[in-house]
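Student: Can you keep this structure in mind? I'll have questions shortly.
The following block contains the structure:
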């Protein structure tokens, strides 16, 4: 199986792995996480080859129910960019997980209306995407709910 490098904190086997950690994943697992979360490790040339229809004598993507080449729908459906990045629920869960990696002394506001809440920049560095105060508030609510 190919080795992928995590771009964000990833929870696997009940443990949080920081960005840059290497993970052995199947191609389907990596596609499920999406390109915003994992990329093929630098020392990997390509993911393992999957048996394609071209190996069976027909060019991949040209299979047809009616016998004519090219009238079949594509075999891989790529979801919109929002879905590839994990959707809102995964974003909030990632932000919540990042709180465990923050330093209470320097990564949290000490005064003002956001006193006691994490700062955006340190969380963004951990999760690897831009966040808002509303995202932080939602993650804090999730953490308080115990989920």
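Numbering (the working numbering), first residue to last: 1 to 147.
From the three backbone atoms N, C-alpha and C, an ideal C-beta is built for every residue, glycine too.
Determine the closest residue to residue 43 out of 4, 90, 9, 19, with distance taken between C-alpha atoms.
Tutor: 4
Student: Taking only heavy atoms of the ligand ZN into account, decide whether any of them is closer than 7 Å to the Cβ of residue 44.
Tutor: In terms of ligand content, the structure shown is empty, and the ligand ZN therefore cannot be addressed.
Student: Could you tell me whether the segment 119 to 135 touches the segment 88 to 97, where touching means 3 or more Cβ pairs closer than 8 Å?
Tutor: yes
Student: What is the rounded straight-line gap between the Cα of residue 117 and the Cα of residue 6?
Tutor: Near 26 Å, if we compare the C-alpha coordinates of residue 6 and residue 117.
Student: Buried or exposed for residue 141, please, with buried defined as at least 16 other CB atoms from any protein chain shown within 10 angstroms of its CB.
Tutor: Looking at its Cβ environment, which holds fewer than 16 other Cβ atoms inside 10 Å, residue 141 is exposed.
Student: First and last residue of the alpha helix (DSSP H) that includes residue 3?
Tutor: Segment 3 to 6 is the beta strand (DSSP E) holding residue 3; no alpha helix (DSSP H) there.
Student: Run the CB neighbour count on residue 91, radius 10 Å, all protein chains shown included, and call it buried at 16 or more, exposed below.
Tutor: buried
Student: To the nearest angstrom, report how far apart residue 77 and residue 35 are at their CA atoms.
Tutor: Caution is warranted here: a pLDDT of 46 is assigned to residue 77, below 50, making its placement in the model unreliable, and the coordinate value is therefore given only provisionally. Taking the straight line joining both Cα atoms gives about 15 Å.
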